[in-house]
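J.: Each residue of the sequence shown is one higher than the last, beginning at 6 in the numbering used here.
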Amino acid sequence: MIRGFLKFIITIFIIGLFTACEAPSTPITEPVQEEITLKENHLNKIRERGKLTVSTDYNSHGYFIYRGTPMGFQFELLNSFAEYIGVKLEISVRNDLDEALEDISNNQCDLLAMDLAITSERRKNMLFSKPIYKSRQVLVQKMPNNWRRMQTWDEIESHLIRDAIDLQGKTVHIQKGSVFYNRLNHINIETGGDINIIEDDLSVDELIEKVENGEIEYTVCDNHVGAINKKYHKNIDIETLLGAYSQNLAWALPLGSDSLLIEINDWLKEYKKSKEFYYVYNKYFKNSRTTMMAKSEYNSHKGGKISPYDELIKKYSDDINWDWRLLASLIYQESKFDPAAESWSGAFGLMQMMPQTAEQYGVSDSSTPSSQIAAGARYIKLIDRQLEPLVSDSNERKKFVMASYNAGLAHVLDARRLAEKYNKDPEIWNNNVDYYLLNKSNPKYYKDTVVYYGYCRGSEPYKYVNEIYDRYQHYTNLIKDTISQSH
Numbered sequence: 006m007i008r009g010f011l012k013f014i015i016t017i018f019i020i021g022l023f024t025a026c027e028a029p030s031t032p033i034t035e036p037v038q039e040e041i042t043l044k045e046n047h048l049n050k051i052r053e054r055g056k057l058t059v060s061t062d063y064n065s066h067g068y069f070i071y072r073g074t075p076m077g078f079q080f081e082l083l084n085s086f087a088e089y090i091g092v093k094l095e096i097s098v099r100n101d102l103d104e105a106l107e108d109i110s111n112n113q114c115d116l117l118a119m120d121l122a123i124t125s126e127r128r129k130n131m132l133f134s135k136p137i138y139k140s141r142q143v144l145v146q147k148m149p150n151n152w153r154r155m156q157t158w159d160e161i162e163s164h165l166i167r168d169a170i171d172l173q174g175k176t177v178h179i180q181k182g183s184v185f186y187n188r189l190n191h192i193n194i195e196t197g198g199d200i201n202i203i204e205d206d207l208s209v210d211e212l213i214e215k216v217e218n219g220e221i222e223y224t225v226c227d228n229h230v231g232a233i234n235k236k237y238h239k240n241i242d243i244e245t246l247l248g249a250y251s252q253n254l255a256w257a258l259p260l261g262s263d264s265l266l267i268e269i270n271d272w273l274k275e276y277k278k279s280k281e282f283y284y285v286y287n288k289y290f291k292n293s294r295t296t297m298m299a300k301s302e303y304n305s306h307k308g309g310k311i312s313p314y315d316e317l318i319k320k321y322s323d324d325i326n327w328d329w330r331l332l333a334s335l336i337y338q339e340s341k342f343d344p345a346a347e348s349w350s351g352a353f354g355l356m357q358m359m360p361q362t363a364e365q366y367g368v369s370d371s372s373t374p375s376s377q378i379a380a381g382a383r384y385i386k387l388i389d390r391q392l393e394p395l396v397s398d399s400n401e402r403k404k405f406v407m408a409s410y411n412a413g414l415a416h417v418l419d420a421r422r423l424a425e426k427y428n429k430d431p432e433i434w435n436n437n438v439d440y441y442l443l444n445k446s447n448p449k450y451y452k453d454t455v456v457y458y459g460y461c462r463g464s465e466p467y468k469y470v471n472e473i474y475d476r477y478q479h480y481t482n483l484i485k486d487t488i489s490q491s492h
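Structure representation (structure tokens):
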């Protein structure tokens with residue numbers, strides 16, 4: 006009896022000992038499991054819709070178009086991240102900072118990607134990624150008149166503000182909603198000064214241009230933005246620092262987006278160590294070529310043109326009832342606006358027409374750009390007329406026309422028949438007809454009895470249409486419909 010009781014006591018002791026040893030592991034493992042669950046659930050929502058929706062601003066370094074190509078520091082980072090999580094990127098432009106911050110507060114986007122300073126006040130309303138880079142705030146002021154003729158630098162300096170205390174009684178214009186207000190207000194408090202701070206509904210780049218033109222005396226920007234603007238606004242000074250410390254600049258997310266935040270931070274941790282990050286950073290903030298890009302009339306931010314042929318493209322786009330920017334995106338896809346371009350298959354010119362087709366429209370590789378675009382537009386119009394009885398919606402039909410322009414109408418008609426056979430909508434392109442054209446290199450489909458024209462390397466027209474529309478989205482974001490109007 007006593008021996009049995011002792012065995013019972015020893016068993017209880019051992020169980021208690023193991024329980025005591027295991028207990029500390031519980032609070033360590035549970036948060037990790039919770040983090041993984043959050044991460045998977047949120048990313049699944051983004052992946053289910055297949056796109057990452059982002060608000061960003063349009064400026065000289067973050068997001069712009071140069072010679073028909075979407076570019077920018079923020080744009081390239083966003084593309085890399087979207088590719089990392091396996092979705093498409095959809096960008097909305099918000100040059101009004103208050104509107105951009107509202108997008109985050111109202112969950113209108115997944116991410117706000119701009120030079121946004123991390124502040125304790127903003128943390129109440131949004132989440133921030135790990136810092137992408139740091140920056141310091143600088144005063145932007147105009148160089149004195151005839152400064153190039155002045156004898157010494159000291160003479161030039163005598164006309165410039167070098168100490169923030171000397172801003173007392175001055176008027177400084179800043180972007181509405183920016184952290185620059187806080188910095189100037191702190192200077193007022195610390196110096197007992199009376200800086201007149203005016204918040205404008207203009208971008209930082211626009212305010213800097215107003216300083217150079219003499220319309221306003223002063224504005225404030227981050228030093229890396231000032232350095233870029235200095236490359237093409239030679240008459241501004243950006244050497245006066247406001248404050249003794251840097252600020253972290255990061256992406257912002259809506260509250261509750263913890264899972265996306267985890268993924269962004271995981272990606273940033275590795276990406277910022279990569280050669281790609283250093284290449285992209287240097288490309289926009291260090292490379293002297295940015296000066297040439299910034300001054301070009303084919304920079305959407307400065308000149309507002311896509312190509313040398315914008316007027317011709319607009320003229321002939323009217324004939325086919327297309328937005329001229331959509332036709333421009335197609336021409337970029339074909340030739341990158343090079344009238345002398347020639348492919349391995351013999352296609353030539355701006356519209357990359359095959360010789361046999363081009364001959365029917367009276368053009369050759371020596372024809373003028375105007376004749377080339379006119380012929381391409383006429384060919385597009387012919388395809389559109391052939392498809393009109395089959396695809397009633399004119400906007401949807403444009404995608405069918407593009408695919409036919411690339412791969413031939415016959416293969417597109419085959420894809421429509423396959424879509425109909427497999428209970429998809431033959432009048433809808435995305436996720437319907439495009440799937441069967443993409444897979445027309447698969448024997449299961451190209452040997453089907455409803456297919457009359459056999460094998461097609463369908464990945465080419467599939468990507469062709471997608472890339473034209475992706476670029477068109479950027480063109481509509483950044484290029485106004487009236488081509489004579491600059492930005």
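Virtual Cβ for every residue (Gly too), placed ideally from N, Cα, C.
Remember, predicted model here, so these are calculated numbers, not experimental data.
1) For Met298, which residues of its own chain have a beta-carbon under 7 Å away from its beta-carbon, when the five flanking residues on both sides are left out?
2) With a CB to CB cut of under 7 Å and the five nearest residues on each side skipped, what residues in its chain are close to Lys236?
3) Run through DSSP, which three-state label would Glu220 get?
4) Where does Ala118 fall in DSSP's three states?
5) With a CB to CB cut of under 7 Å and the five nearest residues on each side skipped, what residues in its chain are close to Gln38?
6) What does the alpha-carbon distance come out to for the pair Pro344 and Met358?
7) Is there contact between the region 388-408 and the region 427-436, where contact requires at least three CB pairs shorter than 8 Å?
8) Between which two residues does the alpha helix (DSSP H) holding Ile385 run?
9) Mind listing, in chain order, the continuous alpha helix (DSSP H) runs of no fewer than 4 residues lying wholly within the region 144-217?
10) Going along the chain, which unbroken runs of the alpha helix (DSSP H) with 4 or more residues stay wholly within the region 418-479?
11) Rounded to whole angstroms, what is the Cα-Cα separation between Asn218 and Ala380?
12) Considering just the uninterrupted stretch of the beta strand (DSSP E) at Ile96, what are its terminal residues?
13) Going by beta carbon distance, what residues of the same chain come within less than 7 Å of Pro466, once the five residues before and after it are set aside?
14) How many Å lie between Glu107 and Ser60 at the Cα?
15) Compare the Cα-Cα distances from Tyr223 to each of Asp159, Val143 and Glu401 and report the closest residue.
16) Provide the residue span of the beta strand (DSSP E) that contains Pro360, from first to last.
17) Please classify Asn270: does DSSP put it in a helix, a strand, or coil?
18) Leaving out five residues on either side along the sequence, give the residues of the same chain with a beta carbon under 8 Å from the beta carbon of Ile203.
19) Just the C-alpha distance for Ser125 and Val184, rounded to the nearest angstrom, thanks.
20) Look at the alpha carbon of Lys307 and the alpha carbon of Leu212, and state the distance between them as a whole number of angstroms.
21) Report, in whole angstroms, the separation of the C-beta atoms of Gly248 and Arg188, which I expect to be a contact under 8 Å.
22) Tell me the rounded alpha-carbon separation between Tyr440 and Arg421.
23) Taking the beta carbon of Gln156 as the centre, do at least 16 other beta carbons fall within 10 Å, making it buried, or is it exposed?
T.: In brief:
1) Tyr71 and Asn304
2) Thr295, Thr296 and Ala299
3) coil
4) strand
5) Note that Gln38 has pLDDT 38, beneath the 50 cutoff, so the model's placement of it is unreliable and the number below is only indicative. Taken in chain order, the list of residues that qualify is empty.
6) 11 Å
7) yes
8) Pro374 to Leu392
9) 158-162, 185-196 and 209-217
10) 439-443 and 448-451
11) 45 Å
12) Lys93 to Val98
13) Ala408, Asn411, Ala412 and Leu442
14) 10 Å
15) Val143
16) Here Pro360 belongs to no beta strand (DSSP E); instead the alpha helix (DSSP H) covers Pro360 to Gln365.
17) helix
18) Thr176, Val177, His178 and Ile179
19) 11 Å
20) 14 Å
21) 6 Å
22) 10 Å
23) exposed
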